[in-house]
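For what it's worth, this note's numbering labels the leading residue of the sequence shown as 5, then goes sequentially.
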Amino acid sequence: LFGSFDRFFGVLLEHTAGALPAWLAPVQAQLLPVRSDHEDHARELAGRLRAEGFRVDVSDADEPLGARIRKAKLDKVPHVLVVGDDDVANDTVGDNPRGGDVERDVPVATFVERLRDETKIPIVYVSHSISEVARLASNVVVLAQGKIAACGPTGAIMQRLDLLSTDERGEGGRALDTAARRHAHGG
5 LFGSFDRFFG VLLEHTAGAL PAWLAPVQAQ LLPVRSDHED HARELAGRLR
55 AEGFRVDVSD ADEPLGARIR KAKLDKVPHV LVVGDDDVAN DTVGDNPRGG
105 DVERDVPVAT FVERLRDETK IPIVYVSHSI SEVARLASNV VVLAQGKIAA
155 CGPTGAIMQR LDLLSTDERG EGGRALDTAA RRHAHGG
């Protein structure tokens, strides 16, 4: 049983290249004070975020800001939060999300809601019944021979793998296996 989990995480890390989704990332947000006089506010903000249940780190302002942003991006942290003078005065942050555009002056309450949405833990459900998957899952990951064949919103994946009507013919599990293997091999 544990071997299955090991293989799953191996496939997940390979597929994401270490850029884990926010709900699974070891650090969900990295706070970067612009200068040392912003560090106290950054630590207080980190405490507030931790109280909300988030995994947060603070980087001291002992290196240039650009170098700290680059390091956090290389570490594939989902959100790099910059805290400067205006942020201290207005209870905001500059959000530099992984794969997204920088957004300045984001109210902390807005960021908390955004991160809360991103960190909802998905329910893992394993099934060969296409109708069950379509009914219970909003997003799916289809594995075939230890590789991710498809992942994304359930309806789009079912349509892409042409699986929407196969369960009515009683071929759900076999059709899912066949479609996933075909897709994994570029067919």
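Cβ coordinates follow ideal geometry from the N, Cα and C atoms, glycine included.
query                                                                                                                                         : result
If you pair each beta-carbon of the region 63-82 with each one of the region 30-39, do three or more pairs fall below 8 Å?                    : yes
Got a sec? Which residues, its chain only, sit under 6 Å from E175 by beta carbon, not counting five neighbours each side?                    : Confidence at E175 is low in this model, with a pLDDT of 47, below 50, so the placement of that residue is unreliable and no value is reported for it.
Do D10 and Q34 have their C-beta atoms closer together than 7 Å?                                                                              : no
What are the partner residues of L35, as DSSP defines its beta bridges?                                                                       : V62 and L85
Could you compute how far the alpha carbon of P82 sits from the alpha carbon of A160?                                                         : 25 Å
Ignore the nearest five residues each way along the sequence and tell me which others in D89's own chain have a CB closer than 8 Å to its CB. : V38 and H42
Taking the CB atoms as reference points, tell me whether G104 and V86 lie closer together than 7 Å.                                           : no
How is D79 classed by DSSP in three states: helix, strand or coil?                                                                            : coil
If you compare alpha carbons, which of W27, E18 and P101 is closest to K124?                                                                  : W27
DSSP state of D99, grouped into three classes?                                                                                                : strand
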